[in-house]
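In our numbering, the protein residues as written are 19 to 449. Each residue gets a CB set at the ideal place from its N, CA and C atoms; glycine is no exception. These figures come from a predicted structure and were not determined experimentally. Notes to accompany the following structure.
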Ligand code: SPV
Ligand code: MG
């Protein structure tokens, strides 16, 4: 008997899936690939039920002969192993990022004598509603909040992109790159104090108050589902920090990172060019302890950011602080540097990991931007934050457009390199 292979990434079965199975049965014995958790998160289908539950769900469907785990969005390994006579898929993958995967499937089937069968995608009101519901579930605070810890457990490295508005949030949420038969995307968002302040035309000195920062977070949350890491600056007074921890937790923010500075905070990339004072270890440890006591869920993370390398206080000081802050209850350590050479970051990670195998490590490779994520991960880094690149790309582009309109006394010249309105509105979801 011939075999037919199809791959599912859903956790709710709707008429579209049932139709696909019915059609597949006409070709032979139906094998369903259940996309693994690891593979699902590379395609923004973050699971809210376990891999085992999904397998059980698919197995229970009439017409399904067997279920296997497919551990990659790319079908290569699954097809090599199963060597099906047919692969069946909805025709919706002909365009968009999945087209790359489709092309790879066609190529592989050609080599093994298999055939691709494509059925019209079921685009009914019910299917659209289920898709929307699945997405909305992920936007709920309880799901979003815990997603960062889940990702740290699942990914070799969690990649966060800066967001400071609904629009930049959408870019972090939706940007997908297909490359070598694989899809990639960001895992989380970083609400940077620098970019949030810059978007408001203000300096990064804790001038933009928490109410305004929360408003930015809410704008982002309204249109996205990915977890949010807040740049909490110094965390402010401990007496205020406890209230903010509660608020962030309730909203569904996954983590706040607070830095060990006191007095007037300036941006770290100024380093020692401006006066900045590091908080002493005992006082900062107490702030962490106070924050952890206020926290109500096990999901939320308070991450301590160490500024010793920024302020040239030395590696030993950075390591002493890291150990003390973990002792005080910090759920992670962020180590920052403004050197182009990643040497001091890698030395810190190596020495920190020698003593502490499990506390998550966070880095922000703005100055040391040449190092790749996998090398950082090999040194024990868990979260890489791209902290300001969206703002730094948008600002000069907007400035250039403004200058061009002034120079030409019309918009035609600038318009030629602008995104068409039609395209920009496709970014925005309509209910
Ligand atoms: C931010 O993005 O606001 C940060 C990172 O705190 S840095 O600008 O490098 O200090
Ligand atoms: Mg900041």
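Residue i: which of the options sits nearest, CA to CA?
| i | options | result |
| --- | --- | --- |
| residue 442 | 365, 186, 370 | 186 |
| residue 159 | 177, 66, 121, 198 | 66 |
| residue 252 | 166, 286, 203, 346 | 286 |
| residue 437 | 59, 261, 415 | 415 |
| residue 278 | 317, 263, 340, 318 | 340 |
| residue 411 | 311, 217, 429, 426 | 217 |
| residue 138 | 110, 155, 147 | 110 |
| residue 316 | 376, 163, 52 | 163 |
| residue 361 | 387, 112, 372 | 387 |
| residue 215 | 126, 189, 180, 93 | 180 |
| residue 363 | 383, 153, 374, 31 | 383 |
| residue 92 | 255, 357, 61, 346 | 61 |
| residue 203 | 49, 58, 372 | 58 |
| residue 154 | 142, 241, 207 | 241 |
| residue 136 | 45, 323, 85 | 45 |
| residue 303 | 314, 313, 291, 323 | 323 |
| residue 201 | 143, 114, 270, 290 | 114 |
| residue 229 | 34, 266, 197 | 266 |
| residue 254 | 271, 225, 53 | 225 |
| residue 212 | 404, 156, 444 | 404 |
What does DSSP give as the partner residue(s) for residue i in the beta ladder?
| i | result |
| --- | --- |
| residue 324 | 353 |
| residue 170 | Answer is none; residue 170 lacks a bridge partner. |
| residue 25 | 51 |
| residue 133 | 104 |
| residue 379 | 351 |
| residue 319 | 273 |
Which word fits residue i, buried or exposed, when buried means at least 16 other C-beta atoms lie within 10 angstroms of its C-beta?
| i | result |
| --- | --- |
| residue 294 | buried |
| residue 334 | exposed |
| residue 64 | buried |
| residue 174 | exposed |
| residue 132 | buried |
| residue 107 | buried |
| residue 23 | buried |
| residue 288 | exposed |
| residue 247 | buried |
| residue 400 | buried |
| residue 261 | exposed |
| residue 25 | buried |
| residue 375 | exposed |
| residue 30 | exposed |
| residue 426 | exposed |
| residue 418 | exposed |
| residue 220 | exposed |
| residue 406 | buried |
| residue 95 | exposed |
| residue 97 | buried |
| residue 38 | buried |
| residue 430 | exposed |
| residue 244 | buried |
| residue 320 | buried |
| residue 206 | buried |
| residue 355 | buried |
| residue 326 | buried |
First and last residue of the beta strand (DSSP E) that includes residue i?
| i | result |
| --- | --- |
| residue 426 | Residue 426 -> not in any beta strand (DSSP E); alpha helix (DSSP H) instead, spanning 407 to 426. |
| residue 448 | Premise fails: residue 448 is in no beta strand (DSSP E) and is neither H nor E. |
| residue 292 | From DSSP, residue 292 is part of no beta strand (DSSP E); its letter is neither H nor E. |
| residue 249 | 246 to 249 |
| residue 106 | 104 to 108 |
| residue 306 | No beta strand (DSSP E) holds residue 306; the alpha helix (DSSP H) holding it covers 299 to 312. |
| residue 84 | 84 to 88 |
| residue 344 | Counting along the chain, residue 344 falls outside any beta strand (DSSP E), though it belongs to the alpha helix (DSSP H) covering 333 to 345. |
Residue i lies in the alpha helix (DSSP H); which residues open and close that run?
| i | result |
| --- | --- |
| residue 404 | Looking at the DSSP string, residue 404 is not in any alpha helix (DSSP H); the run it does join, the beta strand (DSSP E), is 401 to 404. |
| residue 229 | 228 to 241 |
| residue 394 | 391 to 396 |
| residue 73 | 69 to 77 |
| residue 329 | Looking at the DSSP string, residue 329 is not in any alpha helix (DSSP H), and its letter there is neither H nor E. |
| residue 363 | 361 to 373 |
| residue 34 | 33 to 43 |
| residue 432 | 430 to 433 |
Using 8 Å as the limit for Cβ to Cβ distance, is residue i near chain D?
| i | result |
| --- | --- |
| residue 418 | Protein chain content of the structure displayed is limited to a single chain, and chain D is not contained in it. |
### Query
Going along the chain, which unbroken runs of the beta strand (DSSP E) with 3 or more residues stay wholly within the segment 138 to 223?
If we require 3 residues or more, the beta strand (DSSP E) runs fully inside the segment 138 to 223 come out as 176 to 180, 194 to 197, 200 to 203, 206 to 209.
Just to confirm the assignment: which complete alpha helix (DSSP H) runs, minimum length 4, are found wholly within the segment 258 to 287? Runs of the alpha helix (DSSP H) inside the segment 258 to 287: none found.
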